[in-house]
Each structure stands twice: as structure tokens, then as C-alpha cells.
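Peer 1:
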Amino acid sequence: MQLYIDTANLDEIKEAHDLGVLDGVTTNPTLIAREGVDYGKRLAEICEVVKGPVSAEVIALDAAGMIEEGVQRAEIAENIVVKLPCTVDGLKACKSLTDRDIRTNLTLCFQPLQALMVAKAGAFLVSPFIGRIDDIGEDGMDLIHRIRAIYDNYGFETKILAASIRHPKHMLDCALAGADVATVPFKVIAQFMQHPLTDKGLDAFLADYQKTFGR
Ligand code: G3P
3 MQLYIDTANL DEIKEAHDLG VLDGVTTNPT LIAREGVDYG KRLAEICEVV
53 KGPVSAEVIA LDAAGMIEEG VQRAEIAENI VVKLPCTVDG LKACKSLTDR
103 DIRTNLTLCF QPLQALMVAK AGAFLVSPFI GRIDDIGEDG MDLIHRIRAI
153 YDNYGFETKI LAASIRHPKH MLDCALAGAD VATVPFKVIA QFMQHPLTDK
203 GLDAFLADYQ KTFGR
């Protein structure tokens with residue numbers, strides 16, 4: 003399973019990269035606005051740090067505009083993946099960019115037929131938003147299971163990138179459901195290696211050792 007970080011914050015990206023297990027980065031207009039920096043410049047900075055896929059979202063809503071922006075974004079670095087919305091125009095832009103050998107990430111996926119359609123258009127990644135489905139009282143994980151079943155039925159190569167991950171249980175359930183990738187905020191990644199019994203056990207090991215051998 004691959005792990006991406008979901009942020010446009012360079013310090014967080016560098017710190018996650020230092021863990022040695024980071025496979026890529028996702029950004030979106032909200033995350034860039036939070037940083038208050040130029041989108042293109044920040045993408046270039048991120049691509050200097052992380053050599054795996056870096057998702058760059060388009061702002062245009064029409065297919066022609068998305069294609070134009072996507073081509074420009076793809077020129078920033080070879081690991082840029084153009085992020086498009088799961089709309090009719092996003093689907094058309096996905097097919098066109100795929101035909102130009104530009105990889106795409108189809109985002110804001112909330113139902114399995116969107117995932118089926120974008121896989122047919124050649125999407126590299128599809129991003130189902132788990133947390134936002136939970137937010138409206140439905141089961142985000144069910145979407146991951148259903149997309150996994152559809153992709154496996156037909157051998158689609160589009161990778162399932164679980165997004166809108168809010169806590170470690172989301173990550174665990176995505177791993178059990180066979181999501182190919184999860185994109186996770188830094189504060190949630192930081193929780194993955196934590197367990198109180200690990201800390202307690204380590205304290206006991208060191209105390210016992212010091213009792214006998216001193217420092
Ligand atoms: O990758 C999508 C993610 O940024 C959305 O997360 O928590 O705003 O639903 P959230």
C-alpha cells in the first residue's frame with residue numbers, strides 16, 4: 003500500500019519524506035489557499051523533495067480549460083499528476099490528457115459509477131472521499147469496497163487513492179479493503195506509529211537494564 007501526504011505545507015512534506023516511507027503528495031485549492039503561496043511555485047518546490055506522484059488540481063471547470071491547465075501543470079515536473087474533478091468535463095479532460103501520456107487523479111469521487119467511468123477514461127488515480135461521506139451519515143468505507151470489486155472484476159489499472167482520511171481507523175480500514183494508496187494529513191500520519199504499550203514496554207526495558215548495568 004502506498005502512502006501519500008495530503009498537504010501543500012513544505013515543512014510537513016519534508017518531515018514526512020524524512021520518515022522514508024512517503025510515496026507521493028496530493029494538493030488541492032483549499033490546501034494551497036491555506037498556505038497563501040503561488041500554486042505553480044509550490045508544486046515545483048514539492049517536486050524537488052518528493053520524486054513520487056504529486057497531484058496538482060486544475061481550477062477550470064470546462065474540459066478545454068482543464069486540458070490547457072493540465073498541460074501547463076504537467077510541464078512543471080515529470081512527476082506531476084493532474085487532478086481533475088469527477089464531472090462530465092473532468093471525464094473528457096481525463097481522456098484527452100491520458101491520450102497525451104499525462105497522468106490524472108480524478109478527485110471528489112462519491113459513488114462507484116464515477117470510479118468506473120474515470121477508469122474507462124484511463125485515470126491513473128481515483129480519489130474517493132471517505133471522511134466526507136461519513137460526514138453525511140453514510141459509510142465511506144463501503145465506497146472503497148465497491149470500487150475495489152468493480153476494478154477487480156474487470157482488471158482496471160486505475161489505482162484507488164483513499165482521500166479525506168481523518169483518523170488512523172480510516173487508514174486501517176482502507177488497508178484491509180485493498181485501497182492502493184491513501185493520502186493522509188500530517189497529523190494523522192504522525193499517529194500511525196503510536197501505542198502506549200510500546201512506550202511503556204520501552205521504559206521498562208531501559209529501567210531494568212539500568213538497574214543492573216547502570217548507565
Ligand atoms: O484529499 C482530499 C482531502 O484534502 C479532503 O479532506 O478532510 O477536507 O474532507 P477533508
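Going by the working numbering, the first residue of the sequence shown is number 3, and it counts up by one from there. Don't be surprised by glycine CBs; every beta carbon is placed ideally from N, CA and C.
1) By the three-class DSSP mapping on this structure, what secondary structure does Thr89 have?
2) Could you check where the alpha helix (DSSP H) with Gly72 kicks off and where it finishes?
3) For the alpha helix (DSSP H) containing Ile149, name the first residue and the last one.
4) Can you tell me the Cα-Cα spacing of Asp25 and Ala18, whole angstroms?
5) My guess is that Ala62 and Glu71 are in contact by the Cβ rule of under 8 Å, so how many angstroms apart are they, rounded?
6) For Gly142, collect the residues of the same chain with a Cβ closer than 8 Å to its Cβ; drop the 5 residues on either side in sequence, then sort them by chain order.
7) Report the option in Leu110, Cys96, Cys111 whose CA atom is closest to the CA atom of Ile104.
8) Using C-beta distances below 6 Å, list every residue in its chain close to Arg75, excluding the 5 sequence neighbours before and after it, in chain order.
9) Please give me, in chain order, every unbroken run of the beta strand (DSSP E) with length at least 3 that falls completely inside the segment 26–62.
10) Just to check my reading of the structure: Met3 and Asp182 have Cβ atoms closer than 8 Å, yes? What is that Cβ distance to the nearest angstrom?
11) Can we say the segment 106–125 touches the segment 84–93, given the rule of at least three CB pairs closer than 8 Å?
12) Using three-state DSSP, classify Leu127 as helix, strand or coil.
13) Residue range of the beta strand (DSSP E) that Ala164 falls in?
14) Under 8 Å by Cβ, that's how I've got Met40 and Thr185 pegged, so tell me the actual separation to the nearest angstrom.
15) Kindly indicate the opening and closing residues of the alpha helix (DSSP H) around Leu24.
16) If you draw a straight line from the C-alpha of Lys202 to the C-alpha of Tyr211, how long is it?
17) From the DSSP output, in three-state form, read off Thr100 for me.
18) Spatial neighbours of Ile78 within its chain, please: C-beta separation below 8 Å, excluding the five flanking residues on both sides.
19) If you measure from the CB of Gly133, is any heavy atom of the ligand G3P nearer than 7 Å?
Peer 2: So, to answer that:
1) coil
2) 65–76
3) 142–156
4) 10 Å
5) 5 Å
6) Pro130, Phe131, Ile132, Gly133, Arg134, Ile135, Asp136, Ser166, His172
7) Cys96
8) Ala58, Ile82, Val84
9) 26–28, 56–59
10) 7 Å
11) yes
12) strand
13) 161–164
14) Strictly speaking, residue 40 in this sequence is Asp, with Met absent from that position. Their Cβ separation, rounded to whole angstroms, is 22 Å, which puts Asp40 and Thr185 out of contact at 8 Å.
15) Counting along the chain, Leu24 falls outside any alpha helix (DSSP H), and DSSP gives it neither H nor E.
16) 14 Å
17) helix
18) Gly42, Leu45, Ala46, Cys49, Ala58
19) yes
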